[in-house]
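To keep things clear, I will list the structure first and then write my remarks on it.
In UniProt numbering, the protein residues as written are 1 to 189.
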């Protein structure tokens, strides 16, 4: 295997394992300003309760996503059942692809990936589907890929402490799942 190919798949897996890969990078995202007609909007107290419930559910989905991703990465198992419970496309497909690549190259994740306080930075409950944007500081400095054959670290896979963002969406079945994510490794936290 050429070093260039190795670098591509390892960088991709580390990015996915540390809160997904995405083409979007940058600062915080603003909530949509598109308003629903007033007759369809809940009154103040009801709206606050709806927002609190969405925040709680989205953060629970994010936590479940991290847990499921860690479990799948330790075995490079793209069929980890918990992935479909907490992830949705396009992120689900990207995570599974990276896990397949790691498995084909005989590598698994090792070490500890820490989430240091995810927070909701915006939400748009009037969107279709409703969305919640989450920001986190992810510490992947002790997280890396290792070869199963000899337990050696795969070159270029040591992580860092950086900003991560994710989007949770509420699907027609009522469940919140993480549909996009980005590891902003150029933005330390």
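C-beta atoms are modelled at their ideal positions from N, C-alpha and C, and glycine is treated no differently.
Check, Outcome
"Proximal residues to residue 71 (C-beta, below 7 Å), its chain only, five neighbours per side dropped", "80 and 82"
"Distance between beta carbons of residue 171 and residue 129, contact taken as under 8 Å", "6 Å"
"Coarse secondary structure for residue 120, derived from DSSP in three states", "strand"
"At least 3 beta-carbon pairs within less than 8 Å: the stretch 90-101 vs the stretch 166-184", "yes"
"Through-space distance from residue 165 to residue 184, alpha-carbon basis", "8 Å"
"Identity of the residue in 51, 49 and 163 nearest residue 115 by Cα", "163"
"C-beta contact flag for residue 107 and residue 66 at 8 Å", "no"
"Same chain only: Cβ atoms within 8 Å of residue 60, ignoring 5 sequence neighbours per side", "176"
"Residue span of the alpha helix (DSSP H) that contains residue 104, given as start and end", "91-104"
"Where residue 102 falls, given that 16 or more other Cβ within 10 Å makes a residue buried", "buried"
"Residues bridged to residue 183 [DSSP beta-bridge criterion]", "164"
"Whether residue 159 touches residue 140 by CB criterion (8 Å)", "yes"
"Residue-level contact to chain B via CB, residue 43, 8 Å cutoff", "Of the protein chains in the structure, only one exists, and it is not chain B."
"Euclidean distance between Cα positions of residue 99 and residue 138", "20 Å"
"Residue 148: CB within 7 Å of a non-hydrogen atom of the ligand GTP", "The ligand GTP is not part of this structure, which contains no ligands at all."
"Of the listed residues 53, 74, 75 and 46, nearest to residue 174 (C-alpha basis)", "53"
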